[in-house]
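What follows is a short report on a single structure.
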């Protein structure tokens, strides 16, 4: 967890606050680790844009969750977040929890080529990714948090996604897979190295 007073973005400043200090005391290196996390560069400007449109202050707390070892640990962390933010705030939409993650990183560059190279590899990866996304949307965490499964995939943010999925289950929210694409769709190339992206919404 980071202890930050404010976040500067190209679209304005966001007020920072500490969310889980009472449950998970901050380590000295937490701020530096989060500063290096490039996902913030993607997410915070969108929040700043929403703040500008609403003309209302939005407060932001950040945490880096690198590993979740079991369904129980995902649920415990989700419970801490729910308690800290308030179930009523989450259910009303006054508070929101975002987990940022790429999906599969595929190719020699990432030392991950179980389906070889060529157009058919992307189809296999999409099948695998959508299966994982469906499990996250439906809060079926057991199959995803088996150590062998975690070692085998290259989804960098499976841990925070699992925590948000557990939180959604606790709140009785239903997840949907809203979008899926890969870097190949963006670049229009046929590179054997690509990264997949997926959006899951819980409401």
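In this note's numbering, the protein residues as written are 40 to 242. Just so you know, even glycine gets a beta-carbon here, dropped at the ideal spot from N, CA and C.
Membership of residue 233 in the beta strand (DSSP E) is indicated by the continuous run 233–241. Secondary structure of residue 77 (DSSP, three-state): coil.
Of all alpha-carbon atoms in 220, 196, 237, 238, the one lying nearest the alpha-carbon of residue 107 is that of 196.
In this chain, the alpha helix (DSSP H) harbouring residue 116 covers 110–124. In the three-state DSSP reduction, residue 44 falls in the coil class, being neither helix nor strand. Taking C-beta atoms as the reference points, residue 141 and residue 59 fail to come closer than 8 Å. Distance check between residue 95 and each of 226, 209, 204, 54 places 54 closest, using alpha-carbon atoms only. If you look at residue 215, you'll find it in the beta strand (DSSP E) that goes 214–221. With contacts defined by Cβ atoms closer than 8 Å, residue 212 and residue 201 do not form a contacting pair.
With fewer than 16 other Cβ atoms inside 10 Å of its own Cβ, residue 49 counts as exposed.
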